[in-house]
Structure formats: structure tokens, C-alpha cells
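In my numbering, the protein residues as written are 69 to 340. Note that CB positions come from ideal geometry on N, CA and C, so glycine has one too.
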């Protein structure tokens, strides 16, 4: 059942068409989704039932990464491609370590923007901004960003589950590098990315479904772990490096088979 806040935020949008943010909410067990979202999500689960677990483990990795970075004294966070608010959001995790941490949530999805602004309207230390990683100059110059973020102080760039929707032709590597050159030493990049190393058979049918939803046939960048490592050029990877997300500083170390069953890699890098 859709929550009241979500229903008000979604009122102006066509809920008869699936939406990636709401589908991810469904994977996470949330209530901010509609029948069209659930149908599309179930079509994906029929191909790869592990997608539900992957969504959960990606959020857990985000929590561990944010906590680690906050423990290093960072007080400013860019969450790019943030998706719908859910449990243990970036500002909640960061403020448990550093009270007063400032967070900018960035997404290109009007559903996410509307919902996020409605929920976080009274939080003076957060902002919800429309934008995407492919236009980093617009993000940096946005007035809401400038109000919250001091670009002379270290910050964290968080990109969880957004880059794998961007094909090579759009060159997201250059956009990430542009942000790297804008942030000061001592800043961090944390990201996750689906890779099909362990499930090459699932790549084409999953891309086809997302391509239909996004209105862009054959969308997404089917990348290997080595491809994803390029995003960290100019950063020093924090131990244990770029690994399957279940292997990144877990509370309980998973088996190799369990780690590879969640075919999403992630890492945290520090700009020296």
C-alpha cells in the first residue's frame, strides 16, 4: 500500500507506467510502488530472483560506506542517483556518526525529486536537487548545493546503483573524473555497479526490460569489474578495494559463493 506522503507526491505522475525508483522500492520491501512497478519488477525477478537480495545488499553497503567515511571526519555528502527515500538513508547514517552532517540528494527522476522534497522539506541540512552524473557542472553550480556545500572542505561523492544504467557512449567516466578534479584532497568516492561476470546470460534480457522502461533500447553499460575500477582513477582505494558488495567490510565475512551471488561490486576511494 502506498504511503500517504508518497501518494501526494506521486499524484501528478503517470502511475500506470513502471518507474525504476519505485521498482527498487518494491525490491526493498517498501510500500511506495504501484501495480505497474510490481509487474515490471516481477518480470525481472523471473529472470534473476537474486535481484531482490542485490537491492538489499546494495543498501547495506551504502550504510557501511557512509559510516566509514563519516568516521574519517567527512561532513558533506553528495548522493547521486539517490532513488526514493527508504530506511537508513545517507543523512541518517552520517548523522549517527557526525551530527549536523550535510547531504545533497541528486536524482533526475521527477518522482524521486517530488517525494524527497516533500519528506525532507523541514531539514535545513539536506537538499534534494534535480540532476545527474552526466552533467556535473550543473550540480556544482546549483544554488541549493552552494548553500550547503563548502568546496574547500573534504566531501563524499556517493553513486550507488546509477552508473550501470549509463552506456559507454555517454562516457560516465569523464563525468566522474570531472567531479574528482573539483573536490579537494581528503574527499571520497563511493560507488556500486552491477557486473555480469557471474551471470552473463542475464545481461541481455535485463537490459531489454530496463530499455523499454527508460525508452532507450539496449540501455545500460554492461561492464566488468575491471571496467568499473576505471571510475576510481585518481583515487586510492580503501581496503579491501573494489569487491562484491557483501565483501566490503562486512560484520560477518561471507563465503566466496555467497558474495558472488550478489553480482554488484563496490568500493570506496580517497582522493590523496
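For residue 328, the enclosing alpha helix (DSSP H) begins and ends at 324 to 328. Nearest neighbour of residue 119 by Cα position, chosen from 176, 229, 295, 185, turns out to be 229.
Within the same chain, 327, 333, 334, 335 come within 8 Å of residue 311 by CB-CB distance, once the 5 residues on both sides are set aside.
In the DSSP assignment, residue 148 falls outside any alpha helix (DSSP H) and lies within the beta strand (DSSP E) extending over 144 to 148.
Here the alpha carbons of residue 304 and residue 140 stand approximately 15 Å from one another. Nearest to residue 148 by C-alpha distance, out of 115, 339, 196, 113, is 196. When only Cα atoms are considered, residue 109 and residue 84 end up about 14 Å apart.
The beta carbon of residue 92 is closer than 8 Å to those of 123, 151, 152, 229 in its chain, skipping five residues each way along the sequence.
Contact between residue 170 and residue 193 holds: CB atoms are separated by about 5 Å, below the 8 Å threshold. Take the alpha-carbon of residue 295 and the one of residue 261: they are about 10 Å apart. The C-beta distance from residue 313 to residue 160 rounds to 19 Å, too long to meet the 8 Å contact threshold. If the five residues before and after residue 135 are omitted, its C-beta is found closer than 7 Å to the C-beta atoms of 161, 165, all from its own chain and listed in chain order. Take residue 302, set aside five residues on each side of it, and the residues of its chain with a beta-carbon closer than 6 Å to its own are 248, in chain order. DSSP links residue 195 through a beta bridge to 172.
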